[in-house]
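I have placed the structure first, in the form of structure tokens, so that the comments after it can refer back to it.
Numbering (this note's numbering), first residue to last: 420 to 1123.
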């Protein structure tokens, strides 16, 4: 039989066209289905044909493609030399690419990587260079060798030489290892179907549909949709905090933790993610899609959910972030979204566990069901879109070089500097380059606060989340209907801030019994006490901050607990009589704080504040502000030198009392005093006799 003449020109034309395009929307999706002979590739292909839309897919078996090309079919092909066989195989895969381009379809192709007769030192690789130019994805059936042996023995249609289980094991391992490396070199997504999956069809079907639907433009559109959905609320947003997750929200890296947990080891010699991102794929979109496939291989849905919950329980969010989030979320025009290149489900569970999951959504990937991957470039595109298309003011928070594009795209940015043992070692160089060559301007926060800063305070100035100027900059109104949520003085070096919950559902519920004329005495005192507890938990922890300390764990070891920053050095002063119930509620939340009754400023003595860090002045109502001003004047004149924080807490504050030019406002600005209130009221009504709050609280209206 004459040797068939195969034109290399036609092969080169198609493959050159494919090579000239990077992995993009234009390149047809061509999926290779690989595995050892007897692994069930052909039968799986037939089942996939019944499930997939034949208007979107074409299906081919490598042997049938070869048979169609060579006159005389497979029998003639078997007589060709190696060079001729290679040319036939190259032409076969090139014909698939040409067909997909012409018909605008995707393809699923059954192929072989190598043949390895037992007794040979190495297998005969039959895959060609063209295969790795044409394929965009490759699925490998990692079938248990005992199942392959049974299929080979039961196959009556083909002659399969006897082979040992040990040899099949070696052959399979070699194919997986070599294909994984080659696929990464050629930007092909490679997935191994887990051995524990008895019925691989649903797994593969889900994957193939995902491959066919996925492209860069659709991915970005989906990410933006998810971000916009995360920002939806009743009031239009003006400011958005876009926050990274791993090593930013907490010191931990959930990706590394996942692989340690999945492999049952405390430390891995080589983390799969590190190996992936150091490959030719780098930090490309393809690399993050490959990471998703690795997570799919590692655990099924139930196992993945359990692992994520386990990891979330082991992650401790920086308390400073918790306080900051609780604070800014009381301002209805401010939103927070966590945008992560890592595992969305872990970080959403983390936020759920600290009570922030309802208000803050995580946008990220990790599973095919998430639909998206987030890359450093996408983070930057999201921030730019929020600024330019939506007209929002964006703050970005991140810790490493992958966050820099996002940080540079934001209106304002904060670099989180963590423990030097865990934080990115390349971030300093990346920051220096951004600052020196691109004029990048940012600030850094130290989390935890005792760690060494990056660079120096000139290049990357320090801030603390509790800094009043920083908080005011976060929450200030930027829209045309700017509200008086903050009290600031133009040109002043310090701005006092009033934090209040006026328009929140919680405030509306808590204030209802306090405004109900039928509620008095013990019931009213309890209502004020609950309001005090709420303000302590949601506002004072944000204004003053929290700190960690050791507590005994139920399992016998020490673990981290949290309390108000300098709680043992805190003095809570109840302005009598009306402030006592609310002050008692605050005291319940901060049990280590000193509690003091004060009928007048002179009741506060030197020893009450000596060596103290925090002073909390509590009254039920601030009307004119005269009483509070007298207390502040007394404290500031004699006792303020040791105090880090002075905070006024009230149930209701008259808006006029904190207006520009008012004595109370001037006093607060002068002495760096913040105020926390359940609500700010424009109603100038001042209670007297039977309507006085103090009389209602203690059932003394009949004595008025």
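The beta-carbon is built from N, C-alpha and C at its ideal position, and this holds for glycine as well.
Note that this is a predicted model, so its numbers are computed, not measured.
Quick one: grab the DSSP three-state call for residue 1070.
The residue labelled residue 1070 in the question sits at position 651 within the chain shown. Three-state result, residue 1070: strand.
Buried or exposed by the 16-neighbour rule on C-beta atoms within 10 Å, applied to residue 618
The count along the chain shown starts at 1 and reaches residue 618 at position 199. Exposed: under 16 other Cβ atoms inside 10 Å.
Can you give the Cα-Cα distance for residue 490 and residue 625, rounded to whole angstroms?
As a first step, residue 490 must be located in the chain shown, where it is residue number 71. As a first step, residue 625 must be located in the chain shown, where it is residue number 206. When rounded, the distance between both Cα atoms is 38 Å.
How big is the Cα-Cα spacing for residue 1023 and residue 1052?
Within the chain shown, the letter at position 604 stands for residue 1023. Within the chain shown, the letter at position 633 stands for residue 1052. Looking at the two C-alpha atoms, the distance is approximately 12 Å.
Do residue 893 and residue 753 come within 9 Å of each other at the CB atom, strictly closer than that value?
Working through the chain shown from its first residue, we reach residue 753 at position 334. Working through the chain shown from its first residue, we reach residue 893 at position 474. In this structure, residue 893 lies closer than 9 Å to residue 753 by Cβ.
Could you tell me the alpha carbon to alpha carbon distance between residue 742 and residue 690, rounded to whole angstroms?
Counting from 1 along the chain shown, the entry for residue 742 is found at position 323. Counting from 1 along the chain shown, the entry for residue 690 is found at position 271. Going from the Cα of residue 742 to the Cα of residue 690 covers about 33 Å.
Straight-line Cα distance separating residue 785 from residue 507:
Along the chain shown, read from residue 1 onward, the residue named residue 507 stands at position 88. Along the chain shown, read from residue 1 onward, the residue named residue 785 stands at position 366. Between residue 507 and residue 785, the C-alpha separation is close to 39 Å.
Under the three-state DSSP convention, the category residue 517 falls into
Here the question's residue 517 lines up with position 98 in the chain shown. Helix at residue 517.
CB of residue 715 within 9 Å of CB of residue 622, strictly
Locating residue 715 in the chain shown gives position 296, counting from the first residue. Locating residue 622 in the chain shown gives position 203, counting from the first residue. The answer is yes: Cβ separation under 9 Å.
Is residue 525 helix, strand or coil when you go by DSSP?
Indexing the chain shown from 1 puts residue 525 at position 106. Correct three-state label for residue 525: strand.
Classification of residue 1114 by the beta-carbon crowding that lies within 10 angstroms, buried from 16 upward:
The residue labelled residue 1114 in the question sits at position 695 within the chain shown. Its Cβ being crowded by 16 or more others within 10 Å, residue 1114 is buried.
C-alpha gap between residue 856 and residue 635, whole angstroms:
Here residue 856 refers to the residue found at position 437 when the chain shown is read from its first residue. Here residue 635 refers to the residue found at position 216 when the chain shown is read from its first residue. In a straight line, the C-alpha of residue 856 is about 30 Å away from that of residue 635.
Chain-order list of residues whose beta-carbon lies under 7 Å from that of residue 514 (same chain, five-residue window excluded):
Position 95 of the chain shown, counted from the first residue, corresponds to residue 514. 484.
Counting contacts by CB-CB distance shorter than 9 Å, is residue 554 in contact with chain D?
In the structure shown, chain D does not exist; there is a single protein chain.
Since residue 811 and residue 659 should fall inside the 8 Å C-beta cutoff, what is the C-beta to C-beta distance between them, to a whole number of angstroms?
Residue 811 sits at position 392 when you count from the first residue of the chain shown. Residue 659 sits at position 240 when you count from the first residue of the chain shown. Correct: roughly 5 Å between the Cβ atoms.
Drop a sphere of 10 angstroms on the beta-carbon of residue 1118, count the other beta-carbons inside from all chains shown, and report buried for 16 or more, exposed for fewer.
In the chain shown, the residue the question calls residue 1118 occupies position 699. Exposed is the call here.
Output yes or no for whether 9 Å exceeds the beta carbon distance between residue 447 and residue 548.
Start at 1 with the first residue of the chain shown, and residue 447 comes out as number 28. Start at 1 with the first residue of the chain shown, and residue 548 comes out as number 129. Not a contact, by the Cβ cut-off of 9 Å.
Go to residue 991, then tell me how far its beta strand (DSSP E) extends in each direction, as first and last residue.
Your numbering for residue 991 matches position 572 in the chain shown. Residues 989-994.
Could you check the C-alpha separation between residue 778 and residue 770 for me, to the nearest Å?
One-based indexing of the chain shown puts residue 778 at position 359. One-based indexing of the chain shown puts residue 770 at position 351. Those two C-alpha atoms are separated by around 9 Å.
Taking its Cβ as the centre, do 16 or more other Cβ atoms sit within 10 Å of residue 440, making it buried, or is it exposed?
Reading the chain shown from its first residue, position 21 is the one you call residue 440. Residue placement at residue 440 cannot be trusted, given a pLDDT of 40 that sits under 50; the coordinates are not used to answer.
May I have a chain-ordered list of the beta strand (DSSP E) segments no shorter than 3 residues that lie completely inside the stretch 542-582?
556-560
My output table needs one value for residue 540: the three-state DSSP class, helix, strand or coil.
As a position in the chain shown, residue 540 is number 121, starting the count at 1. DSSP places residue 540 in coil when its eight states are reduced to three.
Consult DSSP for residue 864 and reduce its assignment to one of helix, strand or coil.
By one-based count along the chain shown, residue 864 stands at place 445. It is a strand residue.
At what residue ranges does the stretch 926-1007 contain a whole run of the alpha helix (DSSP H), taking only runs of 4 or more?
940-954, 960-963
Per DSSP, cross-strand counterpart(s) of residue 815
In the chain shown, the residue the question calls residue 815 occupies position 396. Paired residue(s): 661, 832.
Extract the residue ranges of the alpha helix (DSSP H) inside the stretch 646-731, only unbroken runs of 4 or more that lie entirely within it.
673-681, 691-696, 704-717
Same chain only: Cβ atoms within 7 Å of residue 1018, ignoring 5 sequence neighbours per side
Here residue 1018 refers to the residue found at position 599 when the chain shown is read from its first residue. Taken in chain order, the residues that qualify are 995.
Range of the contiguous alpha helix (DSSP H) that encloses residue 749:
Taking the first residue of the chain shown as position 1, residue 749 is located at position 330. That residue, residue 749, is in no alpha helix (DSSP H); it is neither H nor E in DSSP.
With DSSP collapsed to three states, give me the class of residue 859.
As a first step, residue 859 is located in the chain shown; it is residue number 440 there, counting from the start. Three-state DSSP puts residue 859 in coil, outside helix and strand.
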